Amino acid sequence: MTSQVSSPAEQADSTVVGEQRRAAGTKDVRRLERVVIRFAGDSGDGMQLTGDRFTSETASFGNDLSTLPNFPAEIRAPAGTLPGVSSFQLHFADHDILTPGDAPNVLVAMNPAALKANAGDLPRGAEIIVNTDEFTRRAMQKVGYDASPLEDGSLDGYHVHPVPLTTLTVEALKEFDLSRKEAERSKNMFALGLLSWMYHRPTEGTEKFLRSKFAKKPDIAAANIAAYRAGWNFGETTEDFAVSYEVAPATTAFPPGTYRNISGNLALAYGLIAASLQTDLPLFLGSYPITPASDILHELSRHKNFGVRTFQAEDEIAGIGAALGAAFGGSLAVTTTSGPGVALKSETIGLAVSLELPLLVVDIQRGGPSTGLPTKTEQADLLQAMYGRNGEAPVPVVAPCTPADCFDAALEAARIAVTYRTPVFLLSDGYLANGSEPWRVPEPGELPDLAVRFAQGPNHSLEDGTEVFWPYKRDPHTLARPWAVPGTPGLEHRIGGIEKQDGTGNISYDPANHDFMVRTRQAKIDGVAVPDLEVDDPDGARTLVLGWGSTYGPITAAVRRLRGAGEAVAQAHLRHLNPFPANLGAVLKRYDKVVVPEMNLGQLATLVRAKYLVDAHSYNQVNGMPFKAEQLAAALKEAIDD
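Quick note: our numbering has the sequence shown finishing at residue 643, numbered continuously throughout.
Below you can see the structure in the form of structure tokens.
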């Protein structure tokens, strides 16, 4: 059962591993099943790098893990202010886990703003490591502290470790030819070293990373390594940290294989490259930078050796226009964006529907409307993906459920696109994009066969026996039209946005033909082959929790809690949102209650009610953050009892 992680202080009765005491024999090592750590500071304090390095070492150690990076929405918020706080939360365990944790057991606060912004999330008994050097009167007043929280008793319910991180870092680097300001920048590495000592994280990978990152500045690399080691040694020698903690590898959580830590955007980029190799088509990305999708553009630009071409266009419209042109030319075409960019791309997506060409539209959803919350997560683009085009322009929609699942979702979206000659939406979001988890690297033989057959010659005989090429003559099984690469002799044909005549592709204004083409394009999407929906129902429950996308982790964790408490509840999660799985209607009718948790105001619930006439109950959250398992479990329990 997954439950809220108790703090190290609250687990005072946990086993003291005597044989694992330090060589000096002065410090105990306590074994924990899981822990949640949050690093927090100014956006310039390197909290994302610190969290990423701790995560990488945790992954190499063999723990299961889940992360939640949380960025300021402003590009450079004023230092020391609440809007400028950047944090990175990591949940790691010796068993299978699903979420980055509801609340941190350990908070590393680099300044008063970081403490104030995050203290409300801490359970009683949590550990707080504060950089006391930053708790000046001016810095505290800037965030509304009238008195020092380190002295006024407001933190008496926590285990506070006051550490002068800045002073200790500068002292550790005094032998280096650095200014004080330059030395202070390494305080995040001091904090990382301290936490690495507390939780027995490996150190070799971080030191290797620092040497590589600062290869052209060896003095900076050496200074960061020195600060990192100083933090480790501080934990080893100071009396304030009398206990360190061990979280054993999650040996039973993973099937055999080669694993690595991976974020959703990185997994998606790798999935697109794999799809290119499996289709034997060159990958073309036409994109315009936008948070939180830009990482995919950055990553794919590094892989020219796999035949990947990336084009950073002047705007969203040019990006998708170039991608659609690449699709016409025979490439596996992709465009990446977020919600505001989808709005700009909508006309070209409609053109791709009309041209019936494969095109992957990757939408990494964020909070809206308009510019909204660029760095926060949301699931509010579902209806835009379904209907956000003029006319009847149906498009398949696929949604990954975890960061690692973004790899498989990219392959699935590519399968549908090339098989049915259609644009396909892939709906990820900021939570999946920036979060990470262990991923088993698949063997090449495990990847699906996505081989593509281009049109090679005439496909239709006229009444007089003449062999011709009809660009809109369809495969009887998939209703897909042939894909003819420009320049192939004899396959010249007209394309464009004006309605086409069935078969010939000639311009047609005939009402009956338009009716036929509209219905045929819809039938093609309705006929996309998708697997039946699998239902997890071990107890013959009366209530079904139906989710999609990134709510999978919190929903599954909440369901586990309820089952652990003796409640009967079923769970199902949708990957394919258009078309829905063929058995979805039958599944929904088996249950008295259907609850749909979403990070929007009920978009999937609206679709389910409309299509299946089922009274689906919405449970919604739009605060820019993922659901907490405890909160969701309470809401589901209330729905069950209602």
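Using N, Cα and C, we set each Cβ at its ideal position, and we do this for glycine too.
Keep in mind it's a predicted model, so treat the numbers as computed, not measured.
At a Cβ-Cβ threshold of 8 angstroms, Thr336 and Leu451 do not count as neighbours. In this structure, DSSP gives Val362 an extended state, which the three-state scheme calls strand.
One alpha carbon belongs to Pro397, the other to Asp406, and they sit about 18 angstroms apart.
For the 8 angstroms CB-CB criterion, Ala617 and Ala606 form a contact. Between Leu428 and Gly265, the CB-CB gap reaches or exceeds 8 angstroms. With respect to the C-alpha of Arg303, the residue from Leu267, Leu325, Ala314, Asp316 having the closest C-alpha is Leu267.
A check of alpha carbon separations from Thr423 across Trp484, Leu448, Gly446, Pro443 identifies Trp484 as the nearest. Beyond the five residues adjoining it in sequence on each side, Pro165 comes within less than 6 angstroms, by CB distance, of Thr133, Asp134 in the same chain, given in chain order. The continuous stretches of alpha helix (DSSP H) do not include Asp465, and DSSP gives it neither H nor E. Here Gly504 carries a strand assignment [DSSP, helix/strand/coil].
If you check the CB distance, Lys117 and Tyr146 come in under 8 angstroms. Beta-bridge annotation (DSSP): Phe628 is not paired with any residue. Distances from the alpha-carbon of Pro580 to those of Val609, Asn262, Leu563 put Val609 closest. Looking only at Gly340, Thr239, Val419, Phe177, the smallest Cα-Cα distance to Ala224 is reached by Phe177.
Rounded to the nearest whole angstrom, the CA to CA distance from Gly326 to Leu563 is 51 angstroms. Inside the segment 343-404, DSSP marks whole alpha helix (DSSP H) runs of 4 or more residues at positions 383-388, from first to last along the chain.
Gly322: member of the alpha helix (DSSP H) spanning 317-329, first to last residue. Shown here, Trp233 sits in a helix according to DSSP, grouped into three states. Within the segment 81-118, the beta strand (DSSP E) runs of at least 3 residues that lie entirely inside it are, in chain order, 86-94, 107-110. In this structure, Gln604 sits near Leu384, with a CB-CB distance shorter than 8 angstroms. For Pro555, the enclosing alpha helix (DSSP H) covers residues 553-565.
By the criterion of at least three beta-carbon pairs nearer than 8 angstroms, the segment 518-528 is not in contact with the segment 376-391.
Taken atom to atom, the span from the alpha-carbon of Phe93 to that of Ala110 is near 20 angstroms. DSSP places Thr68 in the strand class (E or B) of the three-state scheme. DSSP, reduced to helix, strand and coil, places Gly446 within a helical segment of the structure shown.
No Cβ-Cβ contact shorter than 8 angstroms links Thr51 with Leu66. Look at Leu427 here: in three-state DSSP terms it is strand. Under a 10 Å Cβ-count criterion, Phe455 is classified as exposed, with fewer than 16 other Cβ atoms of the shown protein chains found around its own Cβ. When beta bridges are read from the DSSP output, Ala573 appears opposite Val536, Leu547. Residues Gly340, Asp364, Gln366 of the same chain have their beta carbon placed closer than 6 angstroms to that of Asp382, with the five preceding and five following residues left out of the count. A straight line joining the alpha-carbon of Glu300 with that of Ala270 spans about 7 angstroms. In the DSSP assignment, the residues bridged to Thr311 are Leu286. Here Pro293 is not near Gly436, since their CB atoms are 8 angstroms or more apart. In the three-state scheme derived from DSSP, where H, G and I count as helix and E and B as strand, Pro598 is classed as strand. Taking 8 angstroms as the upper bound for CB-CB distance, His494 and Pro472 are in contact here, some 4 angstroms apart.
Listed in chain order, the non-local C-beta contacts of Ser61 below 7 angstroms within the same chain comprise Pro203, Gly206, local neighbours out to five positions each way being set aside.
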